[in-house]
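Some notes on the structure that comes next.
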Amino acid sequence: MRIILLYFLFPRYDNENLVSEVTTRKTKLNTEGQVVNMGATNDIKYVDSTDHSIRLHIAKNPSYYIIIPVFLSLLGMTGIQRLDYEKDPEYLFSPTNGLGRKERIEIEKVFPVDYANNFDPSRITRISHFARLLITAKDNETMLRVHVWKDLIALDQAVRNISVEYDERNYTFAEICAKRSGKCIDNPVFNLNEFMPEIENRSMWLNYPVMLYPLVLPFFFGGAVVNETEGVLISTEAIALNYWLRDDDKRHKKASHLWEGKLLEYLDSVKFENINVARYVSRSLEDELDRNAEAITPYLALTVILMVSFSVFSVFTFDWVRSKFSIGILGVLSATMATGCGFGILMYCGVPFIGINMAAPFLMLGIGIDDMFVVLSAWQRTKIQDDVPTRMAEAYSEAAVSVTITSLTNMLSFFIGTWTPFPSVQIFCLYTGIAILITYLWFLTFFGGVLALSGYKEQNQKHIITGKVVKSKSEAEDMRCCYKFWCAGGINKNDPWNPIDNKDHTLMVFFRDYLGKALNKPIVKALVILTFLIYLSGAIYGCLKVKEGLERRNLALDKSYMINFFDTEDKLFRKYPYRIQIIINDNLTYSDPDTKIALLKLHNEFENLPYIGSRLFTQSWIRGFYRFLRRRPEHRANITDEASFIEVLRKEYLTPSSQETLDVVFNEDKTRILASRFILQSYMINDTNQDKDMMQALRKVAEGAPYHVIAYHAFFVFFDQFLLVRTTSIQTICLAALVMMVVSLIFIPNPLCSLWVAFSIISIEVGVIGYMSLWGVNLDSVSMINLIMCIGFSVDFSAHISYAYLTARVKTSKDRVRECLYNLGLPVIQGGLSTIIGVLVLVIAPSYIFQTFFRIVFLVIFFGIVHGTLLLPVMLSLLGPGSCTKHEDEENSVECSYDVNEIIPEITSDPNVDKSPLRLVRIIKDDNDSLDRDLGIGSSGSSSQSSLHEN
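Everything in the sequence shown is counted per the working numbering, starting at 25 for the first residue and increasing by one.
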């Protein structure tokens, strides 16, 4: 297998065990139609390899190369039994090198969470099991009304009465709830129950933002309307209820998980007369990731149908011998087998599978079909008069570089993506990269075997469907129309060069004679460049509007209950969103006056930040104890050192029921404070950008402290993506782009062409980033996957066109433009359309994740096609190889056709010369050195019957 791959990667041309040098004569057709000698070209060597039999092995033994990949695919697909499905949103979408993860480990060592006895929601270090309900009145009026409040009380009672069965035992909410002092954590808003009639008739007013009796805290009121002059609450649009569950052992975790599911089922089924309930539980995001994968699975079958239909339509002709629509079906099968095999192998290796991976098959179908179009284009340009092994050798030699550069750039871009710190990106890129590798191998083997079998049918003049021998179009001219239209095809064995059986491809002619001709006009070039400048301006504007971070609502399906919850929370509960922990994990002498001054200064620095609320909401034993000592001089007099400071603190200030006891960690003999913390309240944070700004501001103050300080909230682990997604995207994209440029330089050994490839990569990537932003796509881990993928895709079209332009052995830049479009215009369009069709159904998927895949893939393919077929030919003709060289023979050259029998005798009298029209065309095109070209890229060759009467 390795020898075969090396052969494909480094193709050579042979002539049946013959080593020879062929010297051709350069010719020119002048204005009088005469063939004029232009001298000798560089010698072209056709070298026969000692392993020639291996290089033709596929053509001579196609069955092996069909059966073995099928067997290996089926074997690989059995890896599904080892499926390890990962759906933890924190693991998948938070960066592994984020500061929040590291700080959490440190905090949990000194401040472990006690769910059973001393739980406090303000002091949690990770998102454990919980339920959060946001309740609004159905008439959109205030919640502070008796009849509305009754529904709220009924809801609370129903929630607390939910129980679940686990391990042959019934668990009630009271058994699995997180507790403090032996009681479940309550919602303090229910302290208003007995006062609600007075509150409704305005005989009692609630102080806002804080009231001690009854206890009123602003965190539970959403959309509050306040009389700022009086400092009283007028109305509130929503009430938040939180239910915290135990998460400290396997049994309670499982029971809590089941309880959350039971709660969601209950809220789905119940309707209240006066209130609406938006709900969210800790398992909601995990469940939603499951639903994302389930929602997209039915579309896979539709995509296969669309891809098969497009493939059949693209390769179908009414030549019933040479038509390859059955190959189109098997090309889709090849990509499908390769994807399944690659996925199965990784599952056997223990790589977890994630829901986003469901987008990979859609991409792989498009990528796999691209290679099929390239090789079929090369096959069609081989001489049908040759035997199958010769045609296979020529077709694969011609297409090998094209397929290799496409697969290699795509593989490398995905493998580079595995270096990012986001596990979701790593896993997706690994699965897709391996799938592309196996798709490449199966293309060389399975698809090659299938193509060889089809070639033998073609050689034997057999109908593509019935398998019966049929006549060619030229032989069937006098037969019935039905036979000519539905049966005839191939060539006449007695007249193999008959023009009726060797017609040009209409679309390829269009690209050469119409599009190429138009692009050579100065006004069209100016229009293309002007359009590009407008495009670039819009892209730069969009880049300036990019939003960063994966918002939680974007992980939910379009009609999920979570959407209503997140919208309600963002609209009504963003005034006081988070309780922030400030941890001092250092060995300080708290009794020292200088330490006291530094600590109080630190409090003030944090509280003066723009996104931090008043000191009224700060919960600090440090500040509280210093105030206590000021009021109690008798205790202050007893403090002479650190030990006495701690003794007074423990015995006189920190009571067992006080929450502040959770904020001080002593050494074993209670003579030193090892760590301490205080709690801040965030204020007026309206979106994810402000979440990021708040976190950065807090961390900046913490870093500037004279001792080790940590600013932390459980959501900071997620917020780290806001900080890293931009830098990670830029670094990864730049690295991928650099690698793609190196690959391009290897395959396109011309600095100018490589420079234009690099220009196209940058232009396409900037365009995708800018226009995706204008299309409502954030820069997050999902879009990062696509942007990395875009680097590989953007190389494909530009590299093919640039290489075809470079290797076109014609004198003028105008002819180069026409030549490269003739050879590659159609495959570029077909490949681009196949990729778009592969992800087309994702546009109707009810998921932001998969809609993002469609939007970005559509943008990169559309921009890639436009760059490859319009912009790049124009720029190469202006500033590409040979663009500044003026040829004297340009004015005298004309397009013309000649009768074979008239021209050949004038060229040579050698009886061994092939006097077929195909040979004539190659001799005429030697005028432009076409025989000396490297036929490496896809359809860059011209040695085919499709080039008859070209020039």
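All C-beta atoms, glycine included, are put in the ideal place defined by N, C-alpha and C.
- Given a length threshold of 4 residues, each whole run of the alpha helix (DSSP H) inside the region 520-586 is given here in chain order: 530-534, 540-543 and 546-567.
- The DSSP-derived three-state label of residue 234 is coil.
- As computed with DSSP, residue 246 is found in a beta bridge with 262.
- Considered as a whole, the region 834-894 harbours 837-864 and 872-890 as its complete alpha helix (DSSP H) runs of no fewer than 4 residues, in chain order.
- The Cβ atoms of residue 485 and residue 514 sit closer than 7 Å to each other.
- Taken atom to atom, the span from the alpha-carbon of residue 740 to that of residue 719 is near 7 Å.
- Note on the region 109-161: whole beta strand (DSSP E) runs with a minimum of 3 residues are 154-161, in chain order.
- An exposed status is given to residue 231, since fewer than 16 other beta-carbon atoms sit within 10 Å of its beta-carbon.
- Close CB contacts of residue 613 within its chain, under the 6 Å cut and outside five residues either way in sequence, are with 619 and 666 (chain order).
- Between the region 373-387 and the region 464-479 there are fewer than three inter-stretch CB-CB distances shorter than 8 Å, so the stretches are not counted as touching.
- Judged by DSSP secondary structure, residue 300 falls within the beta strand (DSSP E) whose first and last residues are 299-305.
- Counting only the Cα atoms, residue 715 lies some 46 Å from residue 898.
- DSSP links residue 268 through a beta bridge to 154.
- For residue 656 and residue 683, the gap between their C-alpha atoms comes out near 21 Å.
- Looking at the DSSP output, residue 807 shares a beta bridge with no other residue.
- Counting other Cβ atoms within 10 Å of its Cβ, residue 326 stays below 16 and is therefore classed as exposed.
- Annotation for residue 395: 427 and 467 place their beta carbon closer than 6 Å to its own, counting only its chain and skipping 5 residues before and after.
- In this model, residue 93 and residue 905 are separated by some 42 Å (Cα to Cα).
- Our two residues, residue 205 and residue 681, have alpha carbons roughly 7 Å apart in a direct line.
- By the neighbour-count criterion, in which a residue is buried when 16 or more other Cβ atoms sit within 10 angstroms of its Cβ, residue 249 is exposed.
- In this structure the region 326-335 does not touch the region 128-141; the number of beta carbon pairs closer than 8 Å is below three.
- Scanning 85, 875 and 721 for the CA closest to the CA of residue 470 turns up 85.
- Beta-bridge partners of residue 257 (DSSP): 230 and 250.
- By alpha-carbon distance to residue 245, the top candidate from 213, 870, 177 and 617 is 213.
- Beta-bridge analysis with DSSP links residue 201 to 269.
- Taking the Cβ atoms as the reference, residue 146 lies roughly 5 Å from residue 703, within the contact range of under 8 Å.
- Judged by pairs of C-beta atoms under 8 Å, the region 413-420 does not touch the region 344-353, as fewer than three such pairs exist.
- In this structure, residue 116 sits near residue 447, with a CB-CB distance shorter than 7 Å.
- Taking residue 789 as reference, the option from 773, 810, 777 and 806 with the minimal CA-CA separation is 810.
- DSSP places residue 430 in the helix class (H, G or I) of the three-state scheme.
- Taking a contact as a CB-CB distance under 8 Å, the pair residue 626 and residue 729 counts as one, their CB atoms being some 6 Å apart.
- The C-beta distance from residue 89 to residue 472 rounds to 6 Å, short enough to meet the 8 Å contact threshold.
- Judged by DSSP secondary structure, residue 741 falls within the alpha helix (DSSP H) whose first and last residues are 740-771.
- Residue 733: member of the beta strand (DSSP E) spanning 733-736, first to last residue.
- Per DSSP, the unbroken beta strand (DSSP E) holding residue 698 starts and ends at 697-705.
- In the three-state scheme derived from DSSP, where H, G and I count as helix and E and B as strand, residue 377 is classed as strand.
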